[in-house]
Amino acid sequence: MVKVIMGGEAEVRIHDSFVEKIRIRKRYRIKELDDFLRRRRTISEARIISNARKHGVATPVILDVDDCRIVMERIDGEPVREIMNRDVSREIGKGVAKLHSAGIVHGDLTPMNMILKNGRIYFIDFGLSYYDERVEAKGVDIHVFYEALKADFDNWGELWEAFLEGYSEYGKFSHVLERFREIEMRGRYVDKSENRS
Ligand SMILES: Nc1ncnc2c1ncn2[C@@H]1O[C@H](COP(=O)(O)OP(=O)(O)O)[C@@H](O)[C@H]1O
Ligand SMILES: [Mg+2]
């Protein structure tokens with residue numbers, strides 16, 4: 191049995207032991223440009239998944255890359271969304287600390303893109319990932335996770351605290367946290383001015 195998940199960018203086919211992620215055509219883009227962009231994103235995603243693994247972050251093993259398709263190990267574990275607790279959130283923080291130490295910004299840090307297997311948090315979906323050493327990019331990265339916790343869990347406050355305990359393993363932790371607070375303030379200011387108009 192193959193389970194097919196259609197996303198905005200890709201079709202994901204879940205087989206018993208492997209997963210195919212195929213970037214789908216964007217009809218509004220001219221074909222040549224679309225082919226080029228999809229190929230480039232596919233190669234970039236596969237490279238970052240492998241590179242993260244080399245830096246000690248649990249990610250699927252890449253089995254093959256061709257054209258607009260990545261074939262990778264299937265992580266047959268529990269979706270993080272269903273088993274979230276303080277310990278899980280702390281482990282996520284440790285994983286993000288390793289990603290950021292390696293200069294990798296994930297770009298879509300939500301519980302949907304994490305799987306728990308054998309006590310390890312696997313990060314998947316590096317479709318929006320890139321290399322960036324700026325504090326701003328990392329601050330935005332953890333802000334995405336913060337917003338996801340707030341949206342999904344009533345006890346988001348303690349989950350966020352646990353995440354930061356784990357993330358504090360990152361050398362530039364305090365700089366990123368400071369920037370995170372600024373980003374959070376900017377967001378509030380924008381929300382308020384939108385309400386006024
Ligand atoms: N290697 C994998 N092992 C197990 N499940 C996976 C794997 N890759 C993707 N999935 C499942 O497919 C879903 C969509 O894949 P994802 O890479 O997040 O694509 P999208 O960019 O469309 O969000 C994930 O949320 C997850 O449930
Ligand atoms: Mg995803």
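Heads up, the sequence shown is in my numbering, so the first residue is 191 and it goes up one at a time.
Heads up, the beta-carbon is just placed ideally off N, CA and C, and yes, glycines get one too.
Integer Cβ distance of residue i from residue j, believed to fall under 8 Å
i, j, result
"Ala242", "Ala200", "Contact doesn't hold; Cβ gap of about 18 Å is too wide."
"Glu355", "Arg280", "5 Å"
"Phe353", "Phe335", "7 Å"
Neighbourhood of residue i by C-beta, 8 Å cutoff - its chain only, sequence neighbours within 5 removed
i, result
"Tyr312", "Ala248, Thr249, Pro250, Ile265, Gly267, Met304, Ile305 and Leu306"
"Glu337", "none"
Beta-bridge pairing of residue i - partner residues as DSSP gives them
i, result
"Lys193", "Ile204"
"Val261", "Glu210 and Asp254"
"Ile294", "Tyr321"
"Ile305", "Pro269 and Tyr312"
Nonlocal neighbours in the same chain, by C-beta distance under 7 Å from residue i, ignoring five residues either side
i, result
"Glu263", "Phe208, Pro250, Val251 and Leu253"
"Glu136", "Examination of residue 136 is not possible in this model, given that the chain is present from 191 through 387 alone."
"Cys258", "Ile212, Arg213, Arg228, Arg229 and Thr232"
Contact set for residue i: own chain, Cβ-Cβ below 6 Å, skip 5 residues either direction
i, result
"His245", "Lys288 and Ala292"
"Lys216", "Asp224"
"Val366", "Val325, Lys328 and Gly329"
"His205", "Val192"
Residue i Cβ short of 7 Å to ligand 1 heavy atom set
i, result
"Arg264", "yes"
"Ile252", "no"
"Lys211", "yes"
"Gly377", "no"
Chain-ordered residues, beta carbon under 5 Å from a heavy atom of ligand 2: Any residue whose Cβ sits closer than 5 Å to a heavy atom of ligand 2 makes the list: Asn303 and Asp315.
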